[in-house]
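K.L.:
Residue numbers 1 to 278, in the UniProt record's numbering, belong to the letters of the sequence shown in order.
Note that CB positions come from ideal geometry on N, CA and C, so glycine has one too.
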Amino acid sequence: MPNLILDRLFSLQGQVAVITGGSGVLGGAIARGLGLAGARVAVMGRNEARAEAVVKDIIANGGESLAVLADVSDRAQLEVARDAILQHWGQIDILINAAGGNIPAATITPDATFFDMPHAAFEQVVSLNLVGTLLPSQVFGEAMVDKNQPRGCIVNISSMSAIRVISRVVGYSAAKAGIDNFTRWLAVELAQKYGDGLRVNAIAPGFFIGEQNRDLLLNPDGSLSDRGQKIIDHTPAGRFGEPEELLSTVIWLCSAGSSFINGVVVPVDGGFSIYSGV
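1. Would you say Ala-174 and Phe-122 are within 9 angstroms of each other, going by their C-beta atoms?
2. Out of curiosity, what's the CA-to-CA distance linking Gly-14 and Gly-257?
3. Output needed for Ser-73: all residues of its chain with C-beta closer than 8 angstroms, excluding positions within five of it in sequence on either side, in chain order.
4. Taking three-plus beta-carbon pairs below 8 angstroms as touching, is the stretch 193-206 in contact with the stretch 148-159?
5. Hey, quick one: how far does the alpha helix (DSSP H) through Met-44 stretch, first residue to last?
6. What three-state label does DSSP hand Ile-203 in the structure shown?
7. Looking at the unbroken alpha helix (DSSP H) that takes in Asn-181, where does it start and where does it end?
8. How should Val-16 be labelled, buried or exposed, when 16 other C-beta atoms within 10 angstroms of its C-beta is the threshold for buried?
9. Would the beta-carbon of Val-250 fall within 9 angstroms of that of Ile-30?
10. Could you pull the DSSP bridge partners for Val-68 from this structure?
11. For Glu-52, tell me which candidate among Leu-36, Gly-21, Pro-104 and Cys-254 has the shortest Cα-Cα distance.
12. Roughly how far, in whole angstroms, is the beta-carbon of Gly-28 from the beta-carbon of Val-55, given that I think they are within contact range, below 8 angstroms?
So this is what it looks like as structure tokens:
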């Protein structure tokens, strides 16, 4: 017999979720998890083939999904995507801001200094991550408040670099720290103006192997690089995370089970953020 209380608290059945960066390693895993939880999932990205691959996985597992192409830094593209989703499903209930990343020029390599970094590179990575979270929140959040009873959930993606100093990634760190503050600010703003049915939270993933960091954390033979070893040494769990380990936290933050949770940043990090190294 199904547990009706748990179904009511944690099912996303009937809800429409939009995930930016949904064609990436972590974004794709989250998109698939939302589909398994019952949500109808709009997988957003800039690469149609990769977005469609995630959509096919969701549909193969019995879910509903569609691919939408948009750049998170382009408001006009986001508005076209929003209108297409509303035309297809008639509502938007969940936004996962998973698009983001780093660029080499905003990273201080061992043979460079902070003074060598071009400010344009810093601006570019801040725009990709912070503005690329703000614009979708405006565009898709507007669809959440445009209801008789405003309801919706936004989940942003923070980082360990927002709360701990991690060498090299100066632009990325500043952008993710901004996302932490933006998450708290927007949580208060929406709740005060539209009621407790609108919530904004974030997750702060620890270290997961993705497309951008693989060469930094692993050697060509799959062994740990020096930087990868340092991270493992400072992670009490003693390993990197698996993308699927983000799912339960994201689903909880999007579901009725977290209806009194607002403005928090939840680490999913194997203990990295709490360990002093001693």
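P.N.:
The structure says:
1. The residue you call residue 174 lines up with position 174 of the sequence shown. The residue you call residue 122 lines up with position 122 of the sequence shown. For Ala-174 and Phe-122, yes; Cβs fall inside 9 angstroms.
2. Here residue 14 is taken as the residue at index 14 of the sequence shown, counted from 1. Here residue 257 is taken as the residue at index 257 of the sequence shown, counted from 1. Rounded to whole angstroms, Gly-14 to Gly-257 spans 16 angstroms at the Cα level.
3. If you number the sequence shown from 1, residue 73 lands on position 73. Within the same chain, and ignoring the five residues on either side of Ser-73 in sequence, the residues whose Cβ sits closer than 8 angstroms to its Cβ are Ser-127, Leu-128, Val-131, Gly-132 and Leu-135.
4. As far as the Cβ criterion goes, the stretch 193-206 touches the stretch 148-159, which means the pair count is three or higher.
5. For the purposes of this step, residue 44 is taken as residue 44 along the sequence shown, with counting starting at 1. Per DSSP, Met-44 belongs to no alpha helix (DSSP H); it is in the beta strand (DSSP E), 40-45.
6. Locating residue 203 in the sequence shown gives position 203, counting from the first residue. It is a strand residue.
7. Within the sequence shown, numbered from 1, the residue matching residue 181 stands at position 181. According to the DSSP assignment, Asn-181 belongs to the alpha helix (DSSP H) that extends over 170-194.
8. As a position in the sequence shown, residue 16 is number 16, starting the count at 1. By the neighbour-count rule (16 or more Cβ atoms within 10 Å), Val-16 is buried.
9. Counting from one through the sequence shown, the residue named residue 250 turns up at place 250. Counting from one through the sequence shown, the residue named residue 30 turns up at place 30. In contact: Val-250 and Ile-30 (Cβ atoms closer than 9 angstroms).
10. By one-based count along the sequence shown, residue 68 stands at place 68. When DSSP reads this structure, Val-68 sits in a beta bridge with Met-44.
11. Residue numbering aside, residue 52 sits at position 52 when the sequence shown is read from its first letter. The shortest C-alpha separation from Glu-52 is found at Gly-21.
12. Numbered from its first residue, the sequence shown carries residue 28 at position 28. Numbered from its first residue, the sequence shown carries residue 55 at position 55. Rounded, the Cβ-Cβ distance is 10 angstroms, inconsistent with contact.
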